[in-house]
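Its first residue numbered 57, the sequence shown is counted upward by one per residue in our numbering.
Built from N, CA and C at the ideal position, the CB exists for glycine as well.
Reading through the structure tokens given below for one structure.
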Amino acid sequence: MRILITSAGHDRSTALADHLAQNHEIRLTERTHVETEREFAFSALGHDSSTNLLTRGIDAIIHAVEPLPGEDVSSQLDAATRCTYNLLMAAAEEGVQQVILLSTLELMAGYPPGYRVAETWRPLPSTEPPTLTKHMAEQVSREFAREGSLGVTVLRLGEASYKTIAVAVDEALAEPASLAAKHRSREEGGAEAWSITHIGERA
Numbered sequence: 057m058r059i060l061i062t063s064a065g066h067d068r069s070t071a072l073a074d075h076l077a078q079n080h081e082i083r084l085t086e087r088t089h090v091e092t093e094r095e096f097a098f099s100a101l102g103h104d105s106s107t108n109l110l111t112r113g114i115d116a117i118i119h120a121v122e123p124l125p126g127e128d129v130s131s132q133l134d135a136a137t138r139c140t141y142n143l144l145m146a147a148a149e150e151g152v153q154q155v156i157l158l159s160t161l162e163l164m165a166g167y168p169p170g171y172r173v174a175e176t177w178r179p180l181p182s183t184e185p186p187t188l189t190k191h192m193a194e195q196v197s198r199e200f201a202r203e204g205s206l207g208v209t210v211l212r213l214g215e216a217s218y219k220t221i222a223v224a225v226d227e228a229l230a231e232p233a234s235l236a237a238k239h240r241s242r243e244e245g246g247a248e249a250w251s252i253t254h255i256g257e258r259a
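If you want it as structure tokens, here you go:
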């Protein structure tokens with residue numbers, strides 16, 4: 057499988073690339089230049105043909121939605137919304153099969169400590185990045201799933217080791233949201249190509 061991983065300068069993306077490269081072809085991308093030994097493509101994730109070229113020939117995208125070092129709040133929000141939209145639009149046009157969005161369990165921080173929040177519960181995000189930016193990226197991604205353009209798996213990450221996260225990504229790649237939706241359509245009457253999994257514990 058050929059996998060594109062965004063936010064190439066972030067430690068989590070680097071760790072996932074190292075793990076997934078054992079069995080897959082990896083391409084890294086970032087909105088600024090990053091030094092790496094792996095295949096890398098700079099992309100501003102604009103609404104143009106360069107984003108189509110970035111996603112061409114890709115089977116799955118792992119979208120990490122991490123800010124650049126020193127990036128201001130306005131730019132972070134723009135990246136989470138406009139850039140995510142552009143990336144997923146290009147992915148849909150280029151026939152990418154699935155998207156894994158790395159979100160955060162901080163979206164559920166509004167619930168009292170000790171509650172074991174479920175994936176079906178409504179997020180209660182704060183108004184500050186990175187929680188708000190992850191929430192906005194989820195909303196953009198879900199629209200593509202609703203339209204049937206892409207299968208989207210959301211992994212909301214809490215306190216978890218890189219190994220735990222890597223296993224969750226492996227499992228998501230093995231069963232795309234589109235396949236999970238077919239299972240739900242038989243069992244629950246819904247066929248939206250969208251799934252959410254909570255990984256680790258809330259802080």
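Exercise for the section: Give the straight-line distance between the Cα atoms of glycine 126 and methionine 145, rounded to the nearest whole angstrom. Expected result: 27 Å
Problem - C-alpha distance - valine 225 paired with threonine 111, whole-angstrom precision - result: 19 Å
Exercise for the section: Taking the CB atoms as reference points, tell me whether leucine 157 and proline 181 lie closer together than 9 Å. Expected result: no
Problem - Opposing strand residues paired with alanine 165 [DSSP bridges] - result: In DSSP, alanine 165 forms no bridge with anything.
Exercise for the section: Below 6 Å CB to CB, which residues in the same chain sit around glutamate 257 once its five sequence neighbours on both sides are set aside? Expected result: Gly214, Glu215
Problem - Opening and closing residue of the beta strand (DSSP E) in which serine 251 lies - result: 250-255
Practice task
Output the distance between the C-alpha atoms of alanine 120 and proline 169, rounded to the nearest integer angstrom.
Solution key: 26 Å
Exercise for the section: Leaving out five residues on either side along the sequence, give the residues of the same chain with a beta carbon under 7 Å from the beta carbon of serine 205. Expected result: Ala148
Practice task
Enumerate, from N- to C-terminal direction, the unbroken alpha helix (DSSP H) stretches of 4 or more residues contained entirely within the stretch 64-150.
Solution key: 67-76, 105-111, 129-134, 140-149
Handout entry: Run of the beta strand (DSSP E) containing arginine 198, from where it starts to where it stops
Key = Counting along the chain, arginine 198 falls outside any beta strand (DSSP E), though it belongs to the alpha helix (DSSP H) covering 187-203.
Practice task
Report buried or exposed for alanine 265, applying the criterion of at least 16 other Cβ atoms within 10 angstroms of its Cβ.
Solution key: The requested residue 265 does not occur in the structure, where the chain is confined to residues 57 to 259.
Exercise for the section: Could you have a look at glutamate 184 and say whether DSSP puts it in helix, strand or coil? Expected result: coil
Practice task
In the DSSP assignment, find the alpha helix (DSSP H) that holds threonine 220 and state where it starts and stops.
Solution key: 218-230
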